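Notes follow once the structure below has been shown.
Residue numbers (my numbering): 683 to 810.
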C-alpha cells in the first residue's frame, strides 16, 4: 500500500497546492475529495517518508465522522462538513513541513487521493 502511495506522491508533487504558515500557528488543510465512508490524511516529509496521521469513518446511523486512528491527538484533529474532512494541525513546527495527502473511499471503492498540499513556513524559499 505505501509503495503505491509513494509513487503517487512523486507523480503529484509538481502540482501540489502551496500553503504557508508561521511556526506555532493552527492551520486547516482542506481535502479536495468527498467521501461517504472513510477519510485518511498522510504526511510526507523532506526525507520522502510517508506516514498516516489520522483516519476517520462516517457512522451509519449518526452520519458524522469518528476517529479510527490519530497518531497525535494533541496535535491533529479533523474538522468536517457534509461531505469532506479537513485536517487541523495545532502548533505547527518544523516536523510538520512537507506534503499532505487526503485519501478517501466510499463503502465499495478503492482509496482515492485528493490534490496534495505542500506546507512551508512563511518566507522560506527552500522546499521542505
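The beta carbon of each residue, even a glycine, is placed where N, CA and C say it ideally should be. All of these numbers come straight from a predicted model, not from anything done at the bench.
Taken through DSSP and simplified to helix, strand or coil, residue 748 comes out as strand. Note on geometry: alpha-carbon atoms of residue 799 and residue 737 lie some 17 angstroms from one another. The beta carbon of residue 719 sits closer than 7 angstroms to those of 739, 740, 787, 788, 789, all from its chain and outside the five residues before and after it, given in chain order.
The beta-carbon distance between residue 710 and residue 768, rounded to whole angstroms, is 5 angstroms. This is short enough to meet the 8 angstroms contact definition.
Beta-carbon to beta-carbon, residue 770 and residue 705 are separated by about 16 angstroms, too far to satisfy the 8 angstroms threshold.
Per DSSP, the continuous beta strand (DSSP E) segment holding residue 780 begins and ends at 780 to 787.
Between the alpha carbons of residue 708 and residue 757 lies a gap of roughly 9 angstroms.
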